[in-house]
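J.: The opening position of the sequence shown corresponds to residue 66 in the numbering used here, with each subsequent residue numbered one higher. Ideal placement from N, C-alpha and C gives every residue a C-beta, glycine not left out. Please read these numbers as outputs of a predicted model, since none were measured by experiment. Here it is, the structure in full.
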Amino acid sequence: MSSIKILIVEDELLIAKNLAGKLKKLEYTIVDIVSSGEAALQSVSSCQPDLILMDIAIKGSIDGIETAAQIKTISDVPIIYLTAYADDRTLERAASTSCYGYILKPFRVRELHATIKMALNKHQEQVLVKQSLLETGSQYSSDNDSIYRDPLTNLPNQLLLRDLFDHLLSSDSGQSSVELQGESTVLPAREPSSRAQRTQSLLDSANREEQPTNPQKFLAVLHLNLDRFQRIYDTLGNSSGDLLIQETVERLTSCIGNGGTVIRLHNDAFVILQAAVKDRQTTANFARIILERLRQPFILIEREIFLTASIGISLYPSDDTELDKLLQQANMAMRYAQEQGGNQYKFYTTTFRLVSSNDLCLETDLHYALERKELEIHYQPKVNCHSGQIVGAEALLRWAHPERGLIAPDRFITLAEESGLIETIGEWVLKHACQQAKVWHKAGLESFTIAVNISGRQFKQLDLFHKIAQILSNTNLDPNFLILELTEKILVEDVNKNIQRLNFIKKLGVQIALDDFGTGYSSLSYLQQFPFDMLKIDRCFVRNVDKNRKSAAIIQNIIQMAHDLDLKVTAEGIERQAELDCLRQYNCDELQGYLFSYPLSAQDFEALVLRSQRLPISL
């Protein structure tokens with residue numbers, strides 16, 4: 066029993082330790098305990114577990130079900146879900162990942178042991194069946210075939226992907242190869258009688274790259290994700306969304322020549338294998354063909370739908386020879402393509418690996434930053450444009466890392482967003498900023514406002530209203546002195562829903578500010594539709610406004626328009642007296658910038674206010 070290695074994915078540390086203790090008593094070996102999907106993917110590669118216990122509701126950018134789906138692309142390790150609830154929708158999503166069972170919390174030892182044993186036995190049986198079918202080349206029965214195909218598209222699924230690469234690495238280099246001329250190797254599940262033969266043909270073709278007679282051949286691994294697909298899917302609905310996936314698959318398969326195969330991983334994610342690739346340029350041309358094909362409009366329900374995709378590419382054997390690493394590399398490159406705006410392809414480079422490794426270490430440290438009290442809030446004064454009086458502060462997060470020093474927010478906030486930690490961190494900032502504002506009110510700064518940034522992920526939380534209400538109640542802060550700042554990018558993702566959400570939050574009595582106005586979508590209609598109290602002009606317009614006529618004209622018009630709509634205006638990034646003079650002339654309301662003060666700790670901020678509530682600026 067001690068030879069069975071188990072990976073626990075659970076974000077509640079006490080629950081994870083309790084579970085590990087029970088498993089150890091049953092003589093299982095715990096190879097790792099991780100709290101996020103990203104960490105689980107890394108651990109699967111490094112620890113090679115025999116079984117995974119996966120909490121469905123883990124925090125982070127991907128939940129347990131999505132994590133399981135991604136794990137299936139690199140390993141066929143059996144996964145059992147841990148959950149405190151079991152609604153139909155959750156179970157339906159979980160079932161799509163071919164899980165091996167569920168264990169409801171709290172855990173009972175007998176149920177735990179029985180479920181694990183059944184999962185291991187079931188997995189072993191499936192491994193033997195697959196092995197037998199591939200070794201004998203026998204025909205897949207309809208029952209067996211369903212294990213290896215995606216029910217919506219009839220494409221092979223991730224289980225067959227694993228087999229392809231396992232055979233690629235273990236095949237005898239001296240065995241005869243099969244020519245693929247004139248034959249597509251898309252491997253649709255509707256042709257089960259030829260799956261084994263075609264699989265072997267693809268393997269033989271790919272394996273020829275290691276032969277001395279043709280040493281320059283590659284096998285390309287392309288990871289393809291559709292850009293903004295979830296938004297389109299939510300708009301169209303399930304039925305039309307499924308039709309769009311099927312249409313996409315038809316286009317992908319039409320692009321594949323001899324020696325290629327398309328596999329659906331999950332949702333809108335696909336892996337494309339292209340064997341016997343001559344060079345990088347050949348693969349690049351192939352990726353361009355796919356992107357161009359997908360750019361053509363789809364016609365669904367008498368309407369045109371436009372799709373684009375992001376593609377990441379890794380090459381065997383130049384990038385690596387192991388399946389999990391090649392898939393990770395292609396995934397890294399795909400994510401980079403997405404970050405660059407999508408609708409493009411990127412080849413994997415070692416730079417991605419270095420950045421990814423560094424980000425992973427930083428993310429791990431970030432998990433413990435709150436617990437270790439490494440996060441701090443600094444406060445930057447907001448100054449009345451005409452009187453010079455400090456009228457409020459913006460709460461800005463800082464991370465005092467014990468080894469790396471002070472880390473800038475733009476370095477770790479993105480990581481916090483991607484990992485899901487921003488929800489916990491954001492709530493912590495809101496709570497402590499409100500507490501500090503109340504302290505200042507009691508000290509005599511009765512009309513002092515506190516501004517707190519709300520991230521996109523925070524704003525989407527269903528219980529955000531209740532969290533804000535609870536914090537205001539606990540701190541006894543007058544809601545009118547709390548300003549929530551949101552960027553345009555957050556709000557335009559679903560305008561109607563976000564208008565409703567903001568109106569709901571406004572009922573608490575808080576103020577809403579539109580941050581970085583002018584840098585995003587800048588639709589004037591948003592100012593009429595959303596319940597804003599103020600807007601903040603981004604520093605890119607403020608910088609050298611005294612020397613730039615266009616910036617000056619823009620700022621003057623923004624301020625006038627805002628005042629016509631009964632909105633206050635704050636200008637950010639004031640660094641020079643000449644900039645201040647212009648903004649006072651344009652009748653701006655409030656100012657922020659290094660001309661007045663850098664962001665300060667609460668103690669230093671208090672000292673600044675006590676020295677003088679009027680800052681030394683020319684009036």
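Can you give me the C-alpha to C-alpha distance between R437 and H466, rounded to a whole angstrom?
T.: Cα to Cα, the separation comes out at about 10 Å.
J.: Please name the residue in Q295, I297 and N518 whose C-alpha comes closest to that of E459.
T.: When each option's Cα is compared against that of E459, the closest is N518.
J.: Excluding sequence positions up to five away, which residues of its chain have a Cβ less than 7 Å from the Cβ of A85?
T.: The answer, listed in chain order, is I73, I95 and I98.
J.: Here's a check: name, in chain order, each residue in its chain whose Cβ is nearer than 7 Å to the Cβ of F606, leaving out the five neighbours to either side.
T.: Counting only Cβ-Cβ distances below 7 Å, and skipping sequence neighbours, we find G583, S616, I619 and I620.
J.: Under three-state DSSP, which class holds V575?
T.: Coil, per DSSP.
J.: Answer yes or no: do L106 and Q394 have a C-beta to C-beta separation smaller than 9 Å?
T.: No; because the gap between Cβ atoms is not below 9 Å, this pair is not in contact.
J.: Give a yes or no on whether the C-beta atoms belonging to E671 and G658 are separated by under 9 Å.
T.: No, Cβ-Cβ distance for E671 and G658 is not below 9 Å.
J.: Which one of L356, Y413, L673 and F597 has the shortest CA to CA distance from A627?
T.: Measuring from the Cα of A627, the nearest candidate turns out to be F597.
J.: In terms of alpha-carbon separation, which member of I139, I144 and S379 lies closest to D120?
T.: D120 has its Cα closest to that of I144, out of I139, I144 and S379.
J.: Which of the three DSSP states is assigned to S379 in this structure?
T.: Three-state result, S379: strand.
J.: List in chain order: all unbroken beta strand (DSSP E) runs of 3+ residues lying wholly within the segment 483-536.
T.: Qualifying beta strand (DSSP E) stretches, in chain order: 514-518.
J.: Got a sec, what are the start and stop residues for the alpha helix (DSSP H) T318 sits in?
T.: Start and end: N303 to C320.
J.: Restricting to runs no shorter than 4 residues, where is the alpha helix (DSSP H) found entirely within the segment 591-618?
T.: Those alpha helix (DSSP H) runs which fall completely within the segment 591-618 and span 4+ residues are 604-607.
J.: If I'm right that L462 touches V327 with Cβ under 8 Å, what's the distance once you round it to whole angstroms?
T.: At roughly 43 Å, the Cβ-Cβ gap does not stay under 8 Å, so L462 and V327 are not in contact.
J.: Can you tell me whether K411 is helix, strand or coil according to DSSP?
T.: If DSSP states are grouped into helix, strand and coil, K411 belongs with the strands.
J.: Between L359 and R316, which are expected to be in contact by the criterion C-beta below 8 Å, what is the C-beta distance as a whole number of angstroms?
T.: Yes, they are in contact, since the Cβ atoms of L359 and R316 sit about 6 Å apart, within 8 Å.
J.: In its own chain, which residues sit with a C-beta less than 8 Å from the C-beta of L372, not counting the 5 before and 5 after it?
T.: Around L372: L291, D292, F294, I297, L309, T313, L359, R360 and F363.
J.: Is D76 closer than 9 Å to S101 when the C-beta atoms are compared?
T.: Going by C-beta atoms, S101 is nearer than 9 Å to D76.
J.: Just checking, does the segment 428-435 make contact with the segment 408-415 on the three C-beta pairs under 8 Å criterion?
T.: The answer is no - the segment 408-415 does not touch the segment 428-435, with fewer than three Cβ pairs under 8 Å.
J.: Give me the Cα-Cα distance between E103 and R173, rounded to the nearest whole angstrom.
T.: The straight-line gap from Cα to Cα measures roughly 28 Å.
J.: Looking only at its own chain, which residues have a Cβ that is under 6 Å from the Cβ of S379, when we skip the five neighbours before and after it?
T.: Same-chain partners within the cutoff: V286, L391, Q394, A395 and Y413.
J.: Does the beta-carbon distance from K447 to E644 come in below 9 Å?
T.: For K447 and E644, no; Cβs fall outside 9 Å.
J.: Reducing DSSP to helix, strand and coil, say where L675 ends up.
T.: Three-state DSSP puts L675 in a helix.
J.: Can the beta-carbon of R329 be found less than 9 Å from the beta-carbon of L217?
T.: Yes, they are a contact pair.
J.: Exposed or buried, A352, counting other C-beta atoms within 10 Å across all chains shown (16 or more means buried)?
T.: Buried: at least 16 other Cβ atoms inside 10 Å.
J.: Would the beta-carbon of L147 fall within 9 Å of that of Y165?
T.: The answer is no: Cβ separation not under 9 Å.
J.: How about K400 and G377: do their beta carbons lie closer than 9 Å?
T.: For clarity, residue 400 is Arg in the given sequence; the question names Lys instead. Against a cut-off of 9 Å, the Cβ pair of G377 and R400 comes out as a contact.
J.: Could you tell me the alpha carbon to alpha carbon distance between V494 and D611, rounded to whole angstroms?
T.: So the two alpha carbons sit approximately 36 Å from each other.
J.: By DSSP, does R296 sit in helix, in strand, or in coil?
T.: It is helical.
J.: Please classify A254 as buried or exposed, where buried requires at least 16 other C-beta atoms within 10 Å of its C-beta.
T.: Since pLDDT at A254 reaches only 34, below the 50 mark, its modelled position is unreliable, and the value read off the structure follows with that caveat. The residue is buried, with at least 16 neighbouring Cβ atoms inside 10 Å.
J.: Out of curiosity, what's the CA-to-CA distance linking N449 and D669?
T.: Distance between the alpha carbons of N449 and D669 is about 20 Å.
J.: At a Cβ threshold of 9 Å, is L630 touching chain C?
T.: The structure shown contains no chain C; it is built from a single protein chain.
J.: Spell out the partners DSSP gives T721 in its beta bridges.
T.: Residue 721 falls outside the range modelled here, since the chain spans only 66 to 684, and no answer is possible.
J.: Taking 8 Å as the limit between beta carbons, can you name the residues of its chain near Q526, skipping five residues before and five after?
T.: So the qualifying residues of the chain are E488 and K532.
J.: Is V142 helix, strand or coil when you go by DSSP?
T.: If DSSP states are grouped into helix, strand and coil, V142 belongs with coil.
J.: Name the two residues that bound the continuous alpha helix (DSSP H) containing D333.
T.: First-last for D333: undefined, no H or E at that position.
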